[in-house]
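Residue numbers (this note's numbering): 1334 to 1692. Positions of the beta carbon are idealized from the N, C-alpha and C atoms, including for glycine. Have a look at the structure below before the remarks.
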Ligand SMILES: Cc1ncc(C[n+]2csc(CCOP(=O)(O)OP(=O)(O)O)c2C)c(N)n1
Ligand SMILES: [Mg+2]
């Protein structure tokens, strides 16, 4: 199913990377560093993502959820946030997490199944990835409500996919945000599919954004492959939240180029023509590269130098993650139950006893 680009808020960049009138006024307000940072982060995220798929194929990390194609939605929105804001991600938001300050080593440790990958470093307000769909939404409302009660300026943003809109948690969270007028943002990356199920089987209305009205929220639908548009929409949602104007539901229309995870085969449920259209004509990174090149902010030598930097930075993170001591096998028993059931206790004791005898 090809995503309709109709009813979209007007873009900042056309498909060839040229600024629209709206894009032009945003562009004038950005510093050169800001303009470059959209590119630097999108390229870093893409390199990290491709490298992670390779690491999974080599058996060096576990099942991985690729995000290639969704870089503009993630980087644009994350760059509109501040260090004080709380981020509640799903399992596909490594791009958001990186921009928000989570070290690459940390992200890799999560995908290696290490408990350390779930312990967010101090000062970084990114929660660990939420795998049970939509469970992060009510929790984000808790953080948002707490901020409101404490009269803090922080905003809570929940990231989720189109499939998550079929969960009760989505509706409960939006209702709560509307009734309590919370400083929250719902950021839906509508990539057209919940694993193999197309959006048309998730919703009888054609967009996610229009659902906002039913809960008294503002809804906006943007081209998720236009990094300037996702930045601007999120910046405005942050402004509204901090000003006490309530929550915004942003629907960023995008596409994942690859499979749902490294355990999935998307060729079984997506048409080749549809994939090619998005991969070849709507790539968010090359669209923005074209703009920077036309504006004289990026040339081939700089692009190659940045790619080299990305590779080195990622190599270093991989090395650090792989050099960490292996966890003791008893970790398998820990961190699941507050009070471990007797059967697991027995297994843990058996393992320890057996291990001592072997040793
Ligand atoms: C509560 C729950 N039900 C089912 C699943 C299995 N599951 C994992 S990912 C996924 C699809 C989610 O699709 P979407 O919200 O569009 O996010 P995307 O993967 O496209 O980023 C499902 C159904 C789950 N993780 N949690
Ligand atoms: Mg989806």
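1. State whether the stretch 1383-1395 contacts the stretch 1568-1579, with contact taken as three or more CB pairs (one from each stretch) at a distance under 8 Å.
2. Any contact between the stretch 1402-1411 and the stretch 1470-1479? By contact I mean 3 or more CB pairs, one from each, below 8 Å.
3. With a CB to CB cut of under 7 Å and the five nearest residues on each side skipped, what residues in its chain are close to residue 1334?
4. Would you mind working out which of 1686, 1651, 1547, 1599 sits nearest residue 1441, comparing C-alpha positions?
5. Just to confirm, is the Cβ distance from residue 1365 to residue 1624 under 8 Å?
6. Please identify the residue among 1488, 1432, 1466, 1465 whose C-alpha is closest to the C-alpha of residue 1475.
7. Have a look at the DSSP bridge pairing and note the partners of residue 1522.
8. Can you tell me the Cα-Cα spacing of residue 1468 and residue 1420, whole angstroms?
9. Within the same chain, show all residues whose beta-carbon is closer than 7 Å to that of residue 1570, passing over the 5 residues directly before and after it, in chain order.
10. For the 8 Å Cβ check, are there 3 or more pairs between the stretch 1628-1643 and the stretch 1413-1427?
11. Measure the CB-CB distance between residue 1544 and residue 1557 and report whether it falls below 8 Å.
12. Consult DSSP for residue 1768 and reduce its assignment to one of helix, strand or coil.
13. What does a CB cutoff of less than 6 Å around residue 1672 pick up in its chain, not counting 5 residues either side in sequence?
14. Could you give the uninterrupted runs of the alpha helix (DSSP H) lying entirely in the stretch 1346-1373, keeping only those of 4 residues or more?
15. How would you write the range of the beta strand (DSSP E) that residue 1555 sits in, first residue to last?
16. Could you name each continuous alpha helix (DSSP H) segment of 4 residues or more that falls completely within the stretch 1601-1630, going from the start of the chain to the end?
17. Is the beta carbon of residue 1586 less than 8 Å from the beta carbon of residue 1375?
18. Between residue 1496 and ligand 4, is the CB less than 7 Å from at least one heavy atom?
19. Which residue from 1411, 1381, 1412 puts its Cα closest to that of residue 1398?
20. Does the beta carbon of residue 1508 fall short of 7 Å from some heavy atom of ligand 1?
21. Less than 8 Å between the beta carbons of residue 1621 and residue 1372, yes or no?
22. Mapping DSSP to helix, strand and coil, what is residue 1703?
23. Please report the distance separating the alpha-carbon of residue 1402 from that of residue 1418.
24. Span of the beta strand (DSSP E) holding residue 1421?
25. Considering only C-alpha positions, which residue in the set 1529, 1548, 1647 is nearest to residue 1601?
Taking the coordinates as given:
1. no
2. no
3. The pLDDT assigned to residue 1334 is 45, lower than 50, so where the model puts this residue is not dependable, and the model offers no usable value.
4. 1651
5. no
6. 1488
7. 1494, 1585
8. 13 Å
9. 1518, 1581, 1583
10. no
11. no
12. Since the first residue shown for the chain is 1334 and the last is 1692, residue 1768 is missing from the structure and cannot be characterised.
13. none
14. 1354-1362
15. 1551-1556
16. 1605-1609, 1617-1627
17. no
18. You won't find ligand 4 in this model; what it holds is ligand 1 and ligand 2.
19. 1381
20. no
21. yes
22. No answer is possible for residue 1703: it lies beyond the span of the chain, which begins at 1334 and ends at 1692.
23. 25 Å
24. 1419-1421
25. 1529
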